Structure formats: C-alpha cells, structure tokens
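These notes are about the structure you will find just below.
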Amino acid sequence: MTIPIIDVVNFLILFPFIMAVIIGLLKQTSRLRSAVIMIGGFTIMAAAIYVAVSVIASGDTSQFVYLTETHLPDKFVIAGEIFLMCLVCFLSIKYKKYYAILFSLAGTIPVLWMDLTGRVVEGNTHIRIDTFAAVMYLIVGIVGILICIYASGYMKDYHNHHTDVQDRSNYFLALMFVFLGAMFGLISSDSLGWIYFFWEITSVCSFLMIGYTRTQEAVDNSFRALWMNLLGGCGFAAGLMICNMAFGISNLSQVTDMGEAALIVPATLFAFAALTKSAQFPFSRWLLGAMVAPTPSSALLHSATMVKIGVYMLIRLSPLMKGTLTGVMITVIGGFTFFAASLLAITVSDGKKVLAYSTISNLGLITACAGTGTQEGVWAAVMLVLFHAVSKSLLFQTVGDIENCMHSRDIEDMHGLIIKLPRLAFIMIIGICGMFMAPFGMLVSKWAALKSFVDSGSVWLVLFLVFGSGSTLFYWAKWLGKICTVIHQSFELEDITPRSELVSIFPLTSLIIIMCFAFPWMSGHMVQPILDEAYHANIPDVIGGSDVIIMMIMVAMVFMIPIGSRILSIGKNSKMTMSYVAGVNAGDDRHYIDSFGKERALYMSNWYMEEYFGEKKLLWPCIWVAAVLVAVMLIIVVGGAI
Amino acid sequence: MEINFIIKAVLYLILAPLIGGLLSGTDRLFAARMQGRQGPPIIQPFYDVNKLLHKQTTVVNSIQVLFVTGYLIMTVFTGCLFFAGGDMLLVFFALSMSEVLMVMAAFSTNGPYSIMGAQRELLQMMCYEPMTLLVAIGFYYAQGSFMVNDLVKASSPAILQIPGFFIGFVFILIIKLRKSPFDLSTSHHMHQEMVKGLTTDLSGSNLALVEIAEWYDTVLMMGIVGMFFITQSPISRIWAIIACVVVFFIETLIDNVFPRVKYITMLKVTWTVILVFAGTNLLILNVLK
Numbered sequence: 001m002t003i004p005i006i007d008v009v010n011f012l013i014l015f016p017f018i019m020a021v022i023i024g025l026l027k028q029t030s031r032l033r034s035a036v037i038m039i040g041g042f043t044i045m046a047a048a049i050y051v052a053v054s055v056i057a058s059g060d061t062s063q064f065v066y067l068t069e070t071h072l073p074d075k076f077v078i079a080g081e082i083f084l085m086c087l088v089c090f091l092s093i094k095y096k097k098y099y100a101i102l103f104s105l106a107g108t109i110p111v112l113w114m115d116l117t118g119r120v121v122e123g124n125t126h127i128r129i130d131t132f133a134a135v136m137y138l139i140v141g142i143v144g145i146l147i148c149i150y151a152s153g154y155m156k157d158y159h160n161h162h163t164d165v166q167d168r169s170n171y172f173l174a175l176m177f178v179f180l181g182a183m184f185g186l187i188s189s190d191s192l193g194w195i196y197f198f199w200e201i202t203s204v205c206s207f208l209m210i211g212y213t214r215t216q217e218a219v220d221n222s223f224r225a226l227w228m229n230l231l232g233g234c235g236f237a238a239g240l241m242i243c244n245m246a247f248g249i250s251n252l253s254q255v256t257d258m259g260e261a262a263l264i265v266p267a268t269l270f271a272f273a274a275l276t277k278s279a280q281f282p283f284s285r286w287l288l289g290a291m292v293a294p295t296p297s298s299a300l301l302h303s304a305t306m307v308k309i310g311v312y313m314l315i316r317l318s319p320l321m322k323g324t325l326t327g328v329m330i331t332v333i334g335g336f337t338f339f340a341a342s343l344l345a346i347t348v349s350d351g352k353k354v355l356a357y358s359t360i361s362n363l364g365l366i367t368a369c370a371g372t373g374t375q376e377g378v379w380a381a382v383m384l385v386l387f388h389a390v391s392k393s394l395l396f397q398t399v400g401d402i403e404n405c406m407h408s409r410d411i412e413d414m415h416g417l418i419i420k421l422p423r424l425a426f427i428m429i430i431g432i433c434g435m436f437m438a439p440f441g442m443l444v445s446k447w448a449a450l451k452s453f454v455d456s457g458s459v460w461l462v463l464f465l466v467f468g469s470g471s472t473l474f475y476w477a478k479w480l481g482k483i484c485t486v487i488h489q490s491f492e493l494e495d496i497t498p499r500s501e502l503v504s505i506f507p508l509t510s511l512i513i514i515m516c517f518a519f520p521w522m523s524g525h526m527v528q529p530i531l532d533e534a535y536h537a538n539i540p541d542v543i544g545g546s547d548v549i550i551m552m553i554m555v556a557m558v559f560m561i562p563i564g565s566r567i568l569s570i571g572k573n574s575k576m577t578m579s580y581v582a583g584v585n586a587g588d589d590r591h592y593i594d595s596f597g598k599e600r601a602l603y604m605s606n607w608y609m610e611e612y613f614g615e616k617k618l619l620w621p622c623i624w625v626a627a628v629l630v631a632v633m634l635i636i637v638v639g640g641a642i
Numbered sequence: 001m002e003i004n005f006i007i008k009a010v011l012y013l014i015l016a017p018l019i020g021g022l023l024s025g026t027d028r029l030f031a032a033r034m035q036g037r038q039g040p041p042i043i044q045p046f047y048d049v050n051k052l053l054h055k056q057t058t059v060v061n062s063i064q065v066l067f068v069t070g071y072l073i074m075t076v077f078t079g080c081l082f083f084a085g086g087d088m089l090l091v092f093f094a095l096s097m098s099e100v101l102m103v104m105a106a107f108s109t110n111g112p113y114s115i116m117g118a119q120r121e122l123l124q125m126m127c128y129e130p131m132t133l134l135v136a137i138g139f140y141y142a143q144g145s146f147m148v149n150d151l152v153k154a155s156s157p158a159i160l161q162i163p164g165f166f167i168g169f170v171f172i173l174i175i176k177l178r179k180s181p182f183d184l185s186t187s188h189h190m191h192q193e194m195v196k197g198l199t200t201d202l203s204g205s206n207l208a209l210v211e212i213a214e215w216y217d218t219v220l221m222m223g224i225v226g227m228f229f230i231t232q233s234p235i236s237r238i239w240a241i242i243a244c245v246v247v248f249f250i251e252t253l254i255d256n257v258f259p260r261v262k263y264i265t266m267l268k269v270t271w272t273v274i275l276v277f278a279g280t281n282l283l284i285l286n287v288l289k
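Line order of the protein sequences matches chains V and C.
Counting in my numbering, the first sequence runs from 1 upward without gaps.
Counting in my numbering, the second sequence runs from 1 upward without gaps.
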C-alpha cells in the first residue's frame, strides 16, 4: 500500500496547525504537553522523511500537481491574509507602532484586490514537490521538529529562571508549530499567491515570537523584524502582481523556466523580498534583535526556517539571475554581507550575538552563491543550506543549555567550559568545528563556492570570500579556544539539561558527523537532481573523486586522533606542572603574586578589537553601503523596465 | 598513479624533516653571520631536538599533548598532500586546520603567555589566510587546475602570470616562518615580553614535536614558492630551487633588519599588500581571460 505523496504533503501542511491548536488547549508545562509535542513532532518528522525519501528515490525530478478544486484553499488564503493584516493592525495600534500598519496594508490590500476582482491567472499548477522541496522538507522536518522538542523542555527551565516573564509557553510552542506548517506550505507551493500567504505567516509568526517576553526591548525588536519583513512582503506582492497582470503567470516554476528577459523585473522584486528574509545587509538588524526571545525561537529562525526561506527563494530564482544585473548585485550584496558580518562577529562576546552574525555571514555566502547563477554556485548554496541548518541549530541549543546551567551566555564566561560542563562543551566543539573546520561540511561547501566564484569570474566575490574566511576563522577559533581552556581545581557544574533537550541535541550532533561522511552521497542523490531540475541538464560532479577520498581520510583522522591518544595513553606519564606565570604563581594557575606581594586573580580575556571593527564603527556604514546597493538594483532593474 | 602518489608522500615524510632541519640551521647561521657572530653548526637544530626528546616532559594538562600530536600529524598530512600532487585548496584548508590545533594546545594551558600567544597566532592566521587561499586561486587562473600534479606540467612558469601573488605570498611567509616584524605569537628573539608565546607551556618531547612540525611546514612553504617557477622542463626545477634559496635568504634578512610591529600594523600592512598586489593581479588576469 502506498500513500499518495500529495496526501502526505497536505498532512504536513495542515497537521502542524492542528498541533498548534491542541497545544494551545493544553495545560501549561504539563507532562502531557511534552508527550503531545513529542508524538506529534515525530509524526511530522516521519511524514516529512517519507515524502522526501519517496521523492528522492522516485528519480522523477519534478512533480507538479494541478489542483482542480482550489476554491476552498483560495478562500482560506484570502481569509488568512485578511486575518494577518488585522492582527498586525491591532498590535501596531496597541503598541503605538503605527508605521507597521502602513507596510501591512501596502502589501496586502493590492493583492486582495487582485484576488477578489478575479484578475488572478487560473489554470496553473499549485503544488510542486521536487527534489529541492524534498531537501527542504528534510531540513524543516528534522531540524525544525527537533527544535520544537527541545523547546518543550527548554521553556520550563526558561520560566524557572525568568520569573518576571509571564508564562505563555503554550502560545510560544503553538507558534513554533504554526511556523513549521507555514514552512511546509511555502516549500510545497508553486502558486505565487500561496507562497505569498505563507511568506506573510512566517513574517508575522517571527514577529510574535520575538515579542514573547513583552519587555520594551522585545517589543521594539519585534516591530523592527515586522516592518523589515513586511517591506520585503510588499516587494513580493509587487512581483506577484506584475507576474499575474503583466505576464499572465501565476506560479514560480514558470517564472524561472520561461526564460523571458522581461521576467527579471518580478524576479528582482522576489530577490529583494528574499534579502529581507535572509537578513542580508541592510536588513540585518532584525535578526540581531531577534535574540531577545527565548533560545528555541532563535534556533528556529536561524537554522531551519525563517532565514532559509530567503535563500530558498534565491536558489529557485538562481538560473534566471545568471549573467543579469540583478544577479551581479545580489552576489555583491551577499559577498559584502559575508565579509562585513564576519568582521562584526569578531567584536561581540555575547554567544548568541556571535551566532547571529555568523548566520548573517553564512547566509551572505549562500546568497552570493545563488546570485552567480552557475551550477556550481547552486550546488554550493544547497550544501551550505543543509550544513548550516544542522550546525547552527545545534549551536543555538547548546548555548541555550549553557545559559540555563551557568546563567550566562557570554563567551567570556565559557572559559574552561570543557571542565565545567564537559558534555555540553564537547557538543559545542563539534558544532563549532562543523561551522569552519576543514573536513566538516561547511568548509567543503565553501570550497565549492570558491570554485564557482572563480569560474564565473567574480573577482570581487573571490576577494570578499578569502578575506571573510580569515575573519571567520578568527572568531570561531577564539571561541573554541575559550571552551578548550583547562582550568585546574575547577569544579564541574551541575548539568541540568533535561532529557527532552538531549533528545534533540544528540541526533543533531550525530547528524553533523554523519553528514561529514555522507556528503558525497548527498551530493549525488540530493543536490545533483536539484541542478538537473533547475538547469534541465546533467552536470559533472562538482568535487572530484580523489578529493573525496582525501576528505574522507581527513575526517577519519579527526576522529581517530582523540580515540588513538586515549588508547595509547599519550601524555599520561608526563609530569604535571602549573602553567608558566613568570615564576609568580600563587599555588594554582589562576592567581599570581603581584609586585606588592599580594595575591591577585589572573584572567585571560579574548581579543575583540572593538576599536577597529566594533559595531559602533562598522554596523551603520555597512548598512548604508548595502542600502545603496539594493536601491541601485531596484532603481535600475525595476525602474528601468517602467 | 596511486603508487606514485604514495611514493611521493613517503619521500616527503622522510626527507622533509632533514631538509627542514637543515634550513632552520642555515637560517641561524645566516642570522649569526649577519650579526657578525660565528653562529652554531648547521646541524644544531637536530642536536636541539634530540636533546628535547631526551628530556623529561612536563605538561600542564593531558589535552595539550593531544593537540600537539594532532598538530604534527595534520601538518605532515598537509605536506604529503601537496608533494604527492593533491588539490591546492585542500592543502590550505588542511593547513589552517593544523594551525588551529596548535592554537588550541596553547589555549588549553590557561597560562597568560600561552593564551596571549594563541590569540596573536589566530590574528596572524587571519592576516595570511586570504593570501594562502588566493595563491591556490592564482594558480587556478594561471594553469586552469587546483591539482599540484597538473600544475607541475605547466608549459610556462606561473610567475609570469601571477607575479603579484608571488609578492604577496613571499610577504606573508614572513608571518608563516615567524620572522621578525611579524613574529607576534612566538618571539624567536630572546628576552621579549611574550616569553615564548604560543609554546611557553610546552616542554621536552612536546616542544620537539612542534619543532619537527615546523620543519615540515617550512619545507611545504618552500615547495609552494617553488611551484611558481616549475614547468614541465626539468631545468625549471633548478630555477625553483634557486628561487627558494633567494626567498629564504630574504626572509632571514628581513628578520634581522626590522623590529617587531604592533598587531594592528601587521593586519593593515598584510591586508593592504595582499589587496594591492594579489588583488590587482587577479583583476588583470580576469580582464585578460
């Protein structure tokens, strides 16, 4: 018996919404709630994996579905859009942030007008389930669901520590499921109208999640996220209307496949919307502000959902952007963001903020890859999306746990973490290594990105990438060093990470390691078909055979060295001593005797170079530069067409 | 092909420490003569390492040993990959990984001098990382391949097309070989505030491992210098060796002439040099292509 894929997809889209309602009805922080989330979550995960595997195994690279009976869903979409608009208006008035209303109305009303007056083009496919969608199902279904499961345990601890925040964790968890439902909907949709609807749901959802604590800071940041994303939504709406009314196209696959030069105008508008969603400069500030919310929401926004929508869109548009001004501008903005955000990441010590900058920076790289429009670029972009989702969600979850254990998420306080919280420290080391070290996935993708930039002759991008690699290495390695510092006579802290969080953390950790070994397979079975779909052509393997073997040797070595040293007991026979403090140690390696004979504490801080790359100095100029780039792109491409 | 690969790797494995040690001895001899001293015999580094290996090793913690061993293994692996004819980009990625392991060894000690050295070493990596990647890209532009095996079969030396990259690379070699204006992380010259920076808390056989790893590293760097001159004709090998000798001599000279600079000067100067020479070269190549 086989279940038709389309039914499972419907289930994937609708079931998270039902889950959200169920969770909303349950008692706060009850054991039942955890059980429901666990069972419901794993059901969704299983369904997502089922769809993904059957699509990937079928070899049928593009399955379009034309729904004849779309009356009900269409009504539903219209009702939903009106609801979202009213919700935004209501909250904007409540918090006196009236500008958000403007963006909401500007995006929604014209689309509604077009829908209601029957100007929408009918008769096109609505749903597309191809390999790229399958890959995204895997990301959302596995990483997203694991984050939800993590959240069910985390929120309890969170409210134990933050007694000043009203416990609305049911609402928060329900929102997370709504988010996932919208993600599944967005990935599956081919109809631009539907994509727009799900797009707006994610904008509003992230706004609600960021504002969870209702402090002044949270409200300000959530409205910043809202207006930036709604601005992107306006761009999307404009693109949607142009497609429908000027070109008679109502779905995304036609936009990318028609090959008509004039279609670059809506594509540019979609790309603009994607830039806001993926928090590229100049729109990065919303993602930085998003960290006021509880950690699971950051993990969700940064890894599996929100920011990935933007790059998903760009990768879809990639073939169209090849060799156009839009493509060039998108690559430049992406490359610039990669470099600038990695410099900014050097200067901050808040763990979540470093992660936020690193997300922005990596998304910049993905954006740049997609913007080149070459096949290697798309290959690298998809790989980066995969590896980034897993590593980043793991890192956020670990930082969240460390915060629960130590009441701080500052990197300076993680000094000697390997002694204080060994289990979390090891997981974190794997996560960080996954982000920048040699045999791990991210670097493989970066390598392919470099090749694609060189091949497409984008010199500026090559320069951005090589300099950005330098600073990326710096900020990750110093964090890694902080964790690896061994302090003597330090005590292990109590690891209060609940089991429900480990249910999420362990699979993610193993995923990073498995993906190191599995990337040739992933390349062959998951990424190559995407390229075939996008370019309707077979392309040779991006990374050659002998390189793969060497990479595998390296991966094996990385894991063999620690194991081997344990077996051979290297260094166990050596004499132990204290670290060198110019002969003035005061009994341990954390105090020394100063020139007055007094004992003083010794502490080594990391290097932040704030006076050179600090946020105060660099953030606004970067935003302005990028804003000019975006404006130039819009004026020349869109304005030029009018 | 496979056999060739292994033979070359094994040759490097055996010969590199000999050459590296001799280079290190020559360096000390050069330096001594420049300062008007007699200097140690050329095989002094071997005596030193031998002595270190026979000393009692004291450690600050046991992780340290793990990292240092990893550093040596990864460095050797990197060199093998290069001399056996592997992918240039992969070589540089593996290289930065081995460096990170060394930095972690210093971080793990929790000693002030070690950690200061480690931070500075990271900064140095940030300075030269762009250039090492660019070298690989430069060769790709010049000869159309990242594989060292293909690059040595070039019809004309790469230096003709990528002189800017060569200048940039020689410049960052000052950092890589720990020479004076930029030897921020381990002061090779005595009596400085850093003590020995990165390697302060290493002793005995651990320190010997680091020394040996640096020999391997030096040979690798010289190999890359040689790559700029090598073509398919055998006579080019001689040019490559001459180039290595000249570059090595220049590095020692620079070491003895310039006093150490502040870190920010290093960052600004190296990135500017890279951008001006390698960046311009890249732009020109791209236009000509």
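Glycine included, C-beta positions come from ideal geometry on N, C-alpha and C.
On a predicted model such as this, the values are computed, not experimentally measured, just so you know.
{"Asked": "Among C:Phe169, C:Gly197, C:Phe30, C:Gly85, nearest to C:Met102 - alpha-carbon criterion", "Found": "C:Gly197"}
{"Asked": "Nearest-angstrom Cβ-Cβ length linking V:Phe247 and V:Ala273, presumed shorter than 8 Å", "Found": "Incorrect: roughly 18 Å between the Cβ atoms, too far for contact."}
{"Asked": "Continuous beta strand (DSSP E) stretch holding V:Ile129: start and end", "Found": "127-130"}
{"Asked": "Host alpha helix (DSSP H) of V:Tyr171 (start-end)", "Found": "169-188"}
{"Asked": "Backbone secondary structure at V:Asp604 - three-state DSSP", "Found": "Checking the sequence shown, residue 604 of chain V turns out to be Met, not Asp. Residue state, collapsed to three classes: coil."}
{"Asked": "Where V:Ile563 falls, given that 16 or more other Cβ within 10 Å makes a residue buried", "Found": "exposed"}
{"Asked": "CB contact check: V:Asp547 to chain C, cutoff 8 Å", "Found": "yes"}
{"Asked": "Per-residue burial, V:Ile430 [other beta carbons within 10 Å of its own, 16 or more giving buried]", "Found": "buried"}
{"Asked": "Cβ shell of C:Ala208 (< 6 Å), same chain only, five flanking positions each side left out", "Found": "Val49, Leu52, Leu53"}
{"Asked": "V:Ile6 versus V:Ala47, V:Arg31, V:Pro16, residue with shortest Cα-Cα distance", "Found": "V:Ala47"}
{"Asked": "Chain V contact for C:Asp201 (CB, 8 Å cutoff)", "Found": "yes"}
{"Asked": "Neighbour-count burial assignment, C:Thr75, 16 or more Cβ in a 10 Å radius", "Found": "buried"}
{"Asked": "Distance CB(V:Ala389)-CB(V:Ser303) smaller than 8 Å", "Found": "yes"}
{"Asked": "Three-state class that DSSP yields for V:Asn251 in the structure shown", "Found": "strand"}
{"Asked": "Simplified DSSP state of C:His188, which is helix, strand or coil", "Found": "coil"}
{"Asked": "Proximity below 8 Å, CB of V:Asp532 to CB of V:Leu421", "Found": "no"}
{"Asked": "CB contact flag (V:Ile210, V:Ala225, <8 Å)", "Found": "yes"}
{"Asked": "Neighbourhood of V:Ser445 by C-beta distance below 7 Å, restricted to the same chain and skipping five residues each side", "Found": "Ala380, Met383, Leu384, Phe387"}
{"Asked": "Per-residue contacts from V:Leu480 into chain C (C-beta, under 7 Å)", "Found": "Met104"}
{"Asked": "Touch test, the stretch 1-18 of chain C against the stretch 211-228 of chain C, Cβ-Cβ under 8 Å, three pairs minimum", "Found": "yes"}
{"Asked": "Backbone secondary structure at V:Ile346 - three-state DSSP", "Found": "helix"}
{"Asked": "C-alpha gap between C:Pro163 and V:Phe453, whole angstroms", "Found": "21 Å"}
{"Asked": "V:Gly441: CB within 7 Å of a non-hydrogen atom of the ligand GDP", "Found": "You won't find the ligand GDP in this model; it holds no ligand whatsoever."}
{"Asked": "Cβ pair V:Leu602, V:Tyr592 closer than 8 Å", "Found": "yes"}
{"Asked": "Separation of V:Ser546 from V:Phe517, as counted between CA atoms", "Found": "15 Å"}
{"Asked": "Where V:Ile593 sits in the DSSP three-state scheme", "Found": "strand"}
{"Asked": "Chain C contact for V:Gly400 (CB, 8 Å cutoff)", "Found": "no"}
{"Asked": "Cβ of V:Met19 within 8 Å of any chain C Cβ", "Found": "no"}
{"Asked": "Cut-off 8 Å between Cβ atoms - residues of its own chain near V:Leu87, not counting five sequence neighbours on either side", "Found": "Val204"}
{"Asked": "Whether V:Leu240 touches V:Val111 by CB criterion (8 Å)", "Found": "yes"}
{"Asked": "V:Phe440 versus C:Leu95 - alpha carbon distance", "Found": "14 Å"}
{"Asked": "Inter-stretch contact at 8 Å, needing at least 3 Cβ pairs: the stretch 335-343 of chain V / the stretch 358-370 of chain V", "Found": "yes"}
{"Asked": "Interface residues of chain V facing C:Ala118 [CB-CB closer than 7 Å]", "Found": "Gly481"}
{"Asked": "Within chain C, partners of V:Cys369 - CB distance below 9 Å", "Found": "By Cβ distance, chain C contributes nothing, its closest Cβ being about 16 Å from V:Cys369, past 9 Å."}
{"Asked": "Rounded distance between the beta-carbons of V:Ser504 and V:Tyr150, thought under 8 Å", "Found": "4 Å"}
{"Asked": "Within chain C, the residues that V:Pro562 reaches when beta carbons sit closer than 9 Å", "Found": "Leu66, Gly70"}
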